[in-house]
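Shown next, in structure tokens, is the structure this report addresses.
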Amino acid sequence: MHESVRSDIYLFEFAELCSRFADVSNSWDDFVAVAGDYDFVHLHWPESYFAGVKPSDDELNKFNEILSEWKKKSIVVITRHNFLPHTDTSETYVKLYHIFYSNAHIVHHLGQFSKMEFEERYKGEQFLGTLKHCIIPHHYFYSYPSTATREEARAFLGIPKDKLVMLVFGSIRKRQEKKLIGHAFRSIKAKNKLLLIPRWHNVQPSTFDSIKENLDVFGTGYLKELWQKQYMLQA
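Numbering (my numbering) for the sequence shown: 11 to 245.
Printed below as a string of structure tokens:
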């Protein structure tokens, strides 16, 4: 495990925010020492505990020991953000994710598909029979104001009423992800479909050009950030 994890400012700020409403703390020292009296231990992104450095077999074994001890004294909850890391799907990370889930009591999914994929991916694994699942949708659906109706949102964005909209959130990290978007869009058996891709302030114009060439998207542009959340969610 990597010492730099303790300096993750986001985690500490998030824990501080949560502590205003509940008894929440974030302690790297407590975690690795399996110390403290915690009702729940809530884990995210397995690879982040090694700060992006691929763990060795010894480190995997040590991490398994730590989680096994936590499982004996607290309820271990894991939020499933990804199937595997975006940048590395090697056997090492397959083992790491397996260690996480085999030592968990509850897996939190951001959608129904995640639960279905999880049960298929780990079919036959002994831990699958003891795990509990909960589905709490992504915070996008609750964190932003939703004052526009679907009709108003579509009118604002210039989307015809009869269009079937495929909405893509997030950042395009790799060329393979662009191909995945294209494949998914082409697989929709509808003539009146439309691909809607919001935000991506950091994306290069060439990315939009590539998507336009391959998918015949009718237009691109930028909206103020607050409008993006409202209108994209409703449209």
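Built from N, CA and C at the ideal position, the CB exists for glycine as well.
Tell me, which residues are paired with residue i by DSSP?
{"i": "residue 203", "result": "174"}
{"i": "residue 85", "result": "50"}
{"i": "residue 142", "result": "116"}
{"i": "residue 90", "result": "119"}
Quick check on residue i: buried or exposed, where buried means 16 or more other Cβ atoms within 10 Å of its Cβ?
{"i": "residue 80", "result": "buried"}
{"i": "residue 90", "result": "buried"}
{"i": "residue 117", "result": "buried"}
{"i": "residue 145", "result": "exposed"}
{"i": "residue 193", "result": "exposed"}
Tell me whether residue i sits in a helix, a strand or coil according to DSSP, three-state version.
{"i": "residue 157", "result": "coil"}
{"i": "residue 102", "result": "helix"}
{"i": "residue 76", "result": "helix"}
{"i": "residue 28", "result": "helix"}
{"i": "residue 222", "result": "In this predicted model, residue 222 has a pLDDT of only 48, less than 50, meaning its place in the structure is not dependable enough to derive any value."}
{"i": "residue 33", "result": "coil"}
{"i": "residue 163", "result": "helix"}
Please name the residue, chosen from the options, that lies closest to residue i on a Cα-to-Cα basis.
{"i": "residue 175", "options": "195, 159, 189 and 157", "result": "195"}
{"i": "residue 105", "options": "56, 162 and 158", "result": "56"}
{"i": "residue 88", "options": "124, 67 and 70", "result": "124"}
{"i": "residue 201", "options": "172, 186 and 158", "result": "172"}
{"i": "residue 95", "options": "49, 30 and 62", "result": "62"}
{"i": "residue 121", "options": "147, 23, 191 and 204", "result": "147"}
Taking the alpha helix (DSSP H) that residue i falls in, what are its first and last residues?
{"i": "residue 193", "result": "185 to 197"}
{"i": "residue 125", "result": "122 to 131"}
{"i": "residue 42", "result": "38 to 43"}
Along the chain, where does the beta strand (DSSP E) containing residue i start, and where does it finish?
{"i": "residue 117", "result": "116 to 119"}
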